[in-house]
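Here is the structure we will look at.
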Amino acid sequence: MKLWRCPKCKRRLPERGAVHVCQPPVPLAAHFRGKGPVVRKIFNTVRAAVRTMGPVVTDSTKTRIAFAVQTIFLELTPQQGGLRGCLVLGRRARNPRFTNLVSPTPGRHYHFFKLTEPRQLDARLRRLLAEAYRVVGHRQRRTPSVSPQPTLPVAFQEFPSGRGRGAKTQPLWQCPKCGRWFVTRNLWHSCARVSVGSHFRGKDPRLRRLFNRLVAALRRHGPLLVNANKTRISFQARMRFAGVQVQKDALLA
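So that you can map any letter, position 104 of the sequence shown is 767 in the numbering used here, and since no number is skipped, the others follow by simple counting.
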């Protein structure tokens, strides 16, 4: 696979001029210092499974290890006691290993998981990994056979309330007028039926990829709900904490 090297950060990426946040490359070994041999063994198992699917680019930065073909389909973060990951699929999927699900845009669904031993990468998870490689990694169009309609057009069907082991999940609330979903019942908002995708119509496609990278960075900190109105796209955890406006050639935060 022929790679493009960014002249600023020196990282090797799948496509020339690929939109990315410039960060210096980090050796893989740096991610596993002090993590224990089991974590490295889990990573090696996942990487070996990915490599059986075909050519793949491994991009290691300070915060994660990403796997990509034409675009990123898997991110891994070694931690104490296990390996956290995010698998990008073209549909919403179910698996006992998934802990969270984020759907910021149609056709891109981020499935979070954590592995604490190599054997947890079972046949079911391997099939989803292969699907992510084929559909998202190669930017294939979704088909009904692999992309059933989601039950809810939102990031989460349930959202954590509170912190720690005693934290519970509460259902999202849907506004009966505009149909949008919110973390808090009767949350004050301006009723409008606006999709995230409508903000990017007629704009540079690189802005959409940059927005996806922003969402991916925010979701590393926990569950995230993405809502759009006529003027901006907002990000919400238990409360709204940030937002962006999509302009002709930039994202204004």
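Every residue, glycine too, gets a C-beta built ideally from N, C-alpha and C.
Between the stretch 714-729 and the stretch 754-761 there are fewer than three inter-stretch CB-CB distances shorter than 8 Å, so the stretches are not counted as touching. Of Asn-890, Phe-736, Lys-911 and His-801, the smallest CA-CA separation from Cys-838 is found for Asn-890.
Out of Gly-748, Gln-743 and Gly-744, the CA that lies nearest to the CA of Leu-737 is found in Gly-748.
For Pro-700, the enclosing alpha helix (DSSP H) has its first and last residue at 700-714.
Annotated as distal: Leu-778 and Ala-712, with beta-carbon spacing of 8 Å or more. Close CB contacts of Leu-691 within its chain, under the 6 Å cut and outside five residues either way in sequence, are with Ser-723 (chain order).
Shown here, Gln-837 sits in a strand according to DSSP, grouped into three states. In the three-state DSSP reduction, Pro-886 falls in the coil class, being neither helix nor strand. Look at Val-857 here: in three-state DSSP terms it is coil, with no helix or strand label. Excluding sequence positions up to five before and after Lys-866, its CB lies within less than 7 Å of the CB of Val-909 and Lys-911, all in the same chain and listed in chain order. Beta-bridge annotation (DSSP): Asn-892 is not paired with any residue. DSSP links Leu-737 through a beta bridge to Phe-730 and Leu-750. Just measuring C-alpha positions, the residue of Lys-704, Val-702, Gly-697 and Ala-729 sitting nearest Ala-880 is Ala-729.
Counting the other CB atoms within 10 Å of its CB gives Gln-899 a total of 16 or more, which places it among the buried residues. The residue from Phe-776, Arg-754 and Glu-780 with its alpha-carbon nearest to that of Thr-768 is Arg-754. In this structure, the straight-line span from the alpha carbon of Arg-903 to that of Leu-887 is close to 10 Å. Counted as a single uninterrupted DSSP element, the stretch harbouring Ala-793 is not any beta strand (DSSP E) but the alpha helix (DSSP H) occupying residues 786-794. Annotated as proximal: Ala-795 and Leu-750, with beta-carbon spacing under 8 Å. Non-local beta-carbon contacts of Arg-895 in its own chain, meaning distances under 7 Å to residues more than five positions away in sequence, involve Gly-906, Val-907 and Gln-908 in chain order. Beyond the five residues adjoining it in sequence on each side, Ala-786 comes within less than 6 Å, by CB distance, of no other residue in the same chain. At least 8 Å separates the beta-carbon of His-772 from that of Leu-784. Within the same chain, Thr-768 and Pro-769 come within 7 Å of Gly-860 by CB-CB distance, once the 5 residues on both sides are set aside. It is roughly 15 Å from the alpha-carbon of Ser-897 to the alpha-carbon of Arg-876. Counting along the chain, the unbroken beta strand (DSSP E) around Gly-906 starts and ends at 903-909. Counting C-beta atoms within 10 angstroms of its own C-beta, Ser-858 has fewer than 16 neighbours from the protein chains shown and is therefore classed as exposed. Take the alpha-carbon of Phe-706 and the one of Arg-727: they are about 12 Å apart. Going by beta carbons, Glu-780 and Val-702 fall outside the 8 Å limit.
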